[in-house]
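K.L.:
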Amino acid sequence: MTGASMWGSAKDFGTSYCFVAGTLVTTEDGFKTIEEIEVGDKVLSEDETTGEVAVKTVTETYVNETDELIHIGVNGETISATPTHPFYVDKLGWTLARSLRAGDVLVLSNGELVTVEWVQHEILESPIKVYNFEVQDFHTYFVGQSSVLVHNDCEKSRLPRSNGDWDGIPGESNWKSSNNAVNKITNGESLPFKNGRPDFSKWSKGSLNFKSGVLTGTDKDFRLVYKEIKKNMEFRSQKEAKKWLKNKGLTPHHSSLTEIQLIPTDLHANIPHIGSASDLRILNN
């Protein structure tokens, strides 16, 4: 266990979003340890926007190394993750493991909430293997006996890999989708990517700009969007603004550290990607 002063002593193995061997994952057939998860397995997953919980397919698995862990105590069990793995904190949104604190409230697969009892940082004497995987559609899964909601966030895993083709280096070229819902919006045009980020600008139906430092990459940003739409459209409540956005088939997308674009949901949801929300979460943690 280490204090904050030892963070700088950790070796740099790159950004890693993973869990230790033995971590339980909630599948359609019950628990399975994360190192046993295989492509094609069916795991429980949640749509962070709608709250829908459904069985989704594992599309890729990853093995990394780390010499730094965050141990999180919930419901009498310990969940051990790499420092940058995102957990879903109620009323806050995605939060890196290293930023979790005792008293934070996490979300479970049954919709109930659980309070973080304690958090410990550990620097290991030598690196160990850690594991992660990509989940189709929702990009989330549940870990531990309590089934705590976490993201599969990994820059490698958030690029399109099926239902289309790259015309160059993945994440640094154009993605030509074969998805009918996407092509209905783009008229069959390719979607440009740079630095692993998509440029939805051509199909954006509007944008909202905020002062530097206002956006955090969490659910708070969506509430800011609803607040602005409420004001601009003269709605009575943010709930009405959220409903209007949904009826229009639009999804807020962090296009930069200060801008949120309104992108057709069928386009946004069917193009796996990372956006500036990920950058903001790192900056704020």
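So the sequence shown is residues 1 to 285, counted in UniProt numbering.
Even for Gly, the Cβ is constructed at its ideal location relative to N, Cα and C.
Report whether the distance from the Cβ of Tyr-17 to the nearest heavy atom of the ligand FAD is below 7 Å.
P.N.:
Annotation note on the ligand FAD: not contained in the displayed structure, which lists no ligands.
K.L.:
As a quick exercise: from Phe-31, Asn-195, Arg-223 and Lys-231, pick the residue whose alpha carbon is nearest that of Thr-49.
P.N.:
Arg-223
K.L.:
Apply the 10 Å Cβ neighbour rule to residue 286 and answer buried if 16 or more other Cβ atoms are within range, or exposed otherwise.
P.N.:
An answer regarding residue 286 cannot be provided, because it is not within the stretch 1 to 285 covered by the chain.
K.L.:
Would you kindly check if the distance between the Cβ of Trp-118 and the Cβ of Gly-171 is under 8 Å?
P.N.:
no
K.L.:
Just to confirm before moving on: does the CB-CB distance between Glu-53 and Glu-46 stay below 8 Å?
P.N.:
As written in the sequence, residue 53 is Val, which differs from the Glu given in the question. In this structure, Glu-46 lies closer than 8 Å to Val-53 by Cβ.
K.L.:
What's the C-alpha gap between Ile-168 and Ala-102?
P.N.:
For the sequence presented, residue 168 should be read as Gly rather than Ile. Cα to Cα, the separation comes out at about 45 Å.
K.L.:
Please identify the residue among Asn-187, Val-43, His-151 and Leu-208 whose C-alpha is closest to the C-alpha of Leu-262.
P.N.:
Leu-208
K.L.:
Restricting to Cα atoms, I'd like to know which of Asp-219, Ala-21 and Phe-31 is closest to Ser-146.
P.N.:
Selected option, being the one with the closest Cα: Phe-31.
K.L.:
Go through its chain and collect everything with a Cβ distance to Leu-113's Cβ below 8 Å, but skip five positions before and after it.
P.N.:
The beta carbon of Leu-113 sits closer than 8 Å to those of Asp-90, Val-105, Leu-106 and Val-107, all from its chain and outside the five residues before and after it, given in chain order.
K.L.:
When DSSP labels each residue in this structure, what does Lys-202 get in the three-state scheme?
P.N.:
helix
K.L.:
Report yes if the C-beta distance between Asn-270 and Ala-181 is below 8 Å; otherwise report no.
P.N.:
yes
K.L.:
Would you call Glu-122 buried or exposed, if buried means 16 or more other Cβ atoms sit within 10 Å of its Cβ?
P.N.:
exposed
K.L.:
For Pro-198, which residues in the same chain have their Cβ closer than 8 Å to its Cβ, ignoring the five residues on either side in sequence?
P.N.:
The answer, listed in chain order, is Trp-175, Leu-191, Pro-192, Ile-271, His-273 and Gly-275.
K.L.:
If you run the structure through DSSP and keep just helix, strand and coil, what is Ser-238?
P.N.:
Note on identity: in this sequence residue 238 is Gln, with Ser being the wrong assignment. Helix, per DSSP.
K.L.:
Only counting the same chain, and skipping five residues up and downstream in sequence, which positions put a Cβ closer than 8 Å to that of Asn-110?
P.N.:
Ser-147
K.L.:
If you measure between the beta carbons of Pro-83 and Glu-65, is that distance less than 8 Å?
P.N.:
Cβ atoms of Pro-83 and Glu-65: not closer than 8 Å.
K.L.:
On the DSSP letters alone, give me the boundaries of the alpha helix (DSSP H) that Asn-209 sits inside.
P.N.:
Per DSSP, Asn-209 belongs to no alpha helix (DSSP H); it is in the beta strand (DSSP E), 207 to 209.
K.L.:
Between Thr-115 and the rest of its own chain, which residues show a CB-CB distance below 6 Å, the 5 nearest in sequence each way excluded?
P.N.:
Only Val-105 meet the Cβ criterion.
K.L.:
Taking the C-alpha atoms as reference points, what is the distance between Lys-220 and Ile-79?
P.N.:
26 Å
K.L.:
Suppose the cutoff is 6 Å on Cβ atoms and the five residues either side in sequence are ignored; what does the same chain contact list for Ala-81 look like?
P.N.:
Phe-19, Ile-70 and Ala-97
K.L.:
Round the Cβ separation of Lys-242 and Tyr-226 to the nearest angstrom and send it over; I've been treating them as touching at under 8 Å.
P.N.:
5 Å
K.L.:
List the endpoints of the continuous alpha helix (DSSP H) containing Asn-232.
P.N.:
In the DSSP annotation of this structure, the continuous segment of the alpha helix (DSSP H) that includes Asn-232 starts and ends at 219 to 233.
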